[in-house]
Amino acid sequence: LFERRISKSAISQLEVRQKKYISSLETPKNVRLHYIEETNNNNQHHSKISSPPSPPLSPHLQKYKTSTQESTITTDNINQIPTISKWTTRKKVLVGISASLVIATLITVATVLGVLLTKPKETTTTTTTASTVNVSAYWSFDNTTDDSYGVYNGLLINNPLFTTATATNLPYVGNGQALTFNSGSSQSFAVSSPFFNLSYTSFTIEAWIYSTSLTGNRGIFGQCQCSICAYQCLYFIIRNYRLYIDFTSTYLSSSTSLSASNWYHIAFVYNYATRQQILYVNGIQDAIKSNAQAYQGQNGSIHIGSTQVYSTMNFFQGYIDNVALTTRAKSAVEILRDASLMAYYSFDLPNQNTDNGPNGLDGTLNNIVTATGYVNEAVRFLGSSSSYFRAYGFYQLPYGVTNGKPFSIAMWINPSSVNNIAIIQMFWSLGSSSNCEILVGISSSNGLTGQLFVHNTALTGSFVTQNTWTHVSLTYSSGNGYTLYINGVLFGSTGTASYSLTGLFANLCIGYPLNCGSSSVNGYYQGYIDELYIYNRELSQTDVTSLANP
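For the sequence shown, counting from 1, position 183 maps to 177 in the working numbering; every step adds exactly one.
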């Protein structure tokens, strides 16, 4: 009876265990076989954590013995799976992490050692970093020695004089004054404090000069720490008719031979990044040198009108005006603009009469209306004697100081009337009809249709449409004469031509009612004007196309 009870109990437990084991044995075969194989390899550690053996079965349960033993073995192995899996995975992860850390450490150490132990290719013993802060100074010499930024104010040495404020032909632009230097009196201008640092950096020097003597060495700009030390003394001079700049051991000479008693815009650019020296004359690159070592002077005053070349001081003879200095390598486009843009009137608010070019030739607007322009705002002229724009101070335009010099004018027009009207007139004295010419106008035979013309009808252009924006460009050179472009397209040229001069600064006027001699085109301009540009050079087709497509 006891044996029967045990047998029933064992049978019940066996059925339960068999169901449990069968369910557990549904684990994927690859997992089961893997760990059975490890168990069959007699892993002693694994055997220690196996389940205890089952008690002996009674004789009448022998038919269950085989299946029970197999189930028990399987059960033992299944019970071992979590332990083996956790241990193996954890060990692999730890080993992998450790190996990765070791490799990363070795790479880092190798990289650092490589950087520290590698010899630099350059053998220069001085390490310098170019400054990213641009420092600028501008000396207008309009009866002042102050820097326009109020920092690098200077002093006059041996009393050089300013040109008179009432001069009508000096300096290059009729706005302000220039400084006059007499080399015989050893005159100059100096800025001693604060120190303007040009060492180990890019910089640009610009100036307008008018020299009456070009022989020998004529000092324009200089700064010197040690006159006999390489790269520590900078001098910008005229040497026998040519521009010449030297850092003392690194020099550059221009190819252009200058003429006495002429205004020139000169510029020098040192590009620290490219190690280049570049000279410009009237906005055009004239000479360039590569692999030029940087200027290295760490102290020294700035001198204008004099320079030190080794032990000798060299002085300028003539006028110097509008000297600009900046610790930046200006581009060729910027230099050309500074040298050739005489005036630019955008006619935009808030100050529609302001010259937005480099020379500050602000104009006068009288009885006009602000209107929507081709670009931002424009001015509208009312077609009356009191509605006009006037600007004064042009050196090389018709009825100006000189003749035969190139120039260009470009603008947008939108006329409300085309009945024999003057658009741009040039004259030397306000109200004088005997010394003036209509530079650009519209002629009409019936008052309904009109044609553009230039230079007192020397060249007649295309028909103009009322109440429509049209871009007009007029260029001049002694060889090509007057050339007219309409909406950026070449219309025609006069060929060789000249214009009148007065020896005085010229006035430019739009809408002013001057008869200009016998011209029948004397109507007041009525309509809109926008984006007026005036240059002292003959614009190219590319330039005109750019202006006609803002």
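Here a beta-carbon is modelled for each residue, glycine too, at the ideal position from N, C-alpha and C.
Do residue i and residue j have their C-beta atoms closer together than 8 Å?
i: A337; j: A385; result: yes
i: F375; j: G517; result: no
i: L468; j: V412; result: no
i: L508; j: W422; result: no
i: S295; j: S186; result: yes
i: I203; j: I282; result: no
i: S193; j: Y289; result: yes
i: N530; j: F401; result: yes
i: T320; j: S130; result: yes
i: L495; j: Y476; result: no
i: R236; j: S251; result: yes
i: Y519; j: G367; result: no
i: D524; j: V369; result: yes
i: G549; j: Y225; result: Because the chain spans -5 through 544 in this model, residue 549 falls outside it and cannot be assessed.
For residue i, which of the options has the nearest alpha-carbon?
i: Y304; options: F135, I417, G213, I504; result: G213
i: Q460; options: S492, F499, I432, I415; result: I415
i: G505; options: D315, A318, S182, N361; result: N361
i: L155; options: L319, S182, Q302; result: S182
i: V538; options: V483, N509, N530, L498; result: V483
i: I260; options: A254, R269, D280; result: D280
i: P344; options: L335, E328, I282, A372; result: A372
i: S487; options: T451, A288, N474; result: N474
i: S548; options: R331, A500, S205; result: The first residue shown for the chain is -5 and the last is 544, placing residue 548 beyond what the model contains.
i: S381; options: V369, G367, I417; result: I417
i: Y166; options: V317, T195, V327, N481; result: V317
i: D342; options: L526, F135, R531; result: L526
i: N234; options: N350, T209, S179; result: T209
i: T195; options: C220, Y143, A267, A184; result: A267
i: G446; options: L478, T462, W463, N530; result: The sequence given here places Leu at residue 446; Gly does not occur at that position. Here the closest residue by C-alpha is L478.
i: I232; options: G291, D240, Y225; result: D240
i: F135; options: Q217, A184, S179, T126; result: A184
i: L330; options: G291, S379, N293, Y258; result: Y258
i: T536; options: Y238, N481, S180; result: N481
i: A365; options: C218, E328, S340; result: S340
i: S180; options: S325, H465, V363, Q302; result: Q302
i: N211; options: S410, Y238, A333; result: Y238
i: A201; options: T464, Y132, C220, N191; result: Y132
i: N191; options: M420, Q219, S207; result: Q219
i: H449; options: T462, M420, T464; result: M420
i: N169; options: F388, T462, S379; result: F388
i: G277; options: V327, Y470, L246, S379; result: V327
I think residue i touches residue j, with their Cβ atoms under 8 Å apart; what is that distance to the nearest whole Å?
i: T242; j: A286; result: Not really, about 12 Å apart at Cβ, beyond 8 Å.
i: T198; j: A323; result: 6 Å
i: G455; j: F485; result: 5 Å
i: A161; j: N137; result: Incorrect: roughly 12 Å between the Cβ atoms, too far for contact.
i: N347; j: L359; result: 5 Å
Answer with buried or exposed for residue i, where buried requires no fewer than 16 other C-beta atoms within 10 angstroms of its C-beta.
i: P188; result: exposed
i: F383; result: buried
i: K85; result: Bear in mind that a pLDDT of 47 at K85, under 50, signals an unreliable position, so the number given afterwards is only what the model happens to contain. Burial call: exposed.
i: L424; result: exposed
i: G398; result: exposed
i: T157; result: buried
i: G144; result: exposed
i: C510; result: buried
i: F262; result: buried
i: I432; result: buried
i: S248; result: buried
i: L429; result: For clarity, residue 429 is Asn in the given sequence; the question names Leu instead. Flag for N429 reads buried.
i: N543; result: exposed
i: I528; result: buried
i: L533; result: buried
i: Q292; result: exposed
i: F457; result: exposed
i: I298; result: buried
i: I222; result: exposed
i: S466; result: Going by the sequence as given, residue 466 is Val instead of Ser. It is buried - the Cβ of V466 has at least 16 other Cβ atoms within 10 Å.
i: V515; result: buried
How do the stretch 272 to 281 and the stretch 143 to 153 stand: do at least 3 beta-carbon pairs fall below 8 Å, yes or no?
-> no
Three-pair Cβ contact test at 8 Å for the stretch 295 to 312 versus the stretch 174 to 186 = yes
Touch test, the stretch 351 to 359 against the stretch 482 to 491, Cβ-Cβ under 8 Å, three pairs minimum | no
Does the stretch 379 to 397 come close enough to the stretch 405 to 413 to have 3 or more Cβ pairs within less than 8 Å?
-> no
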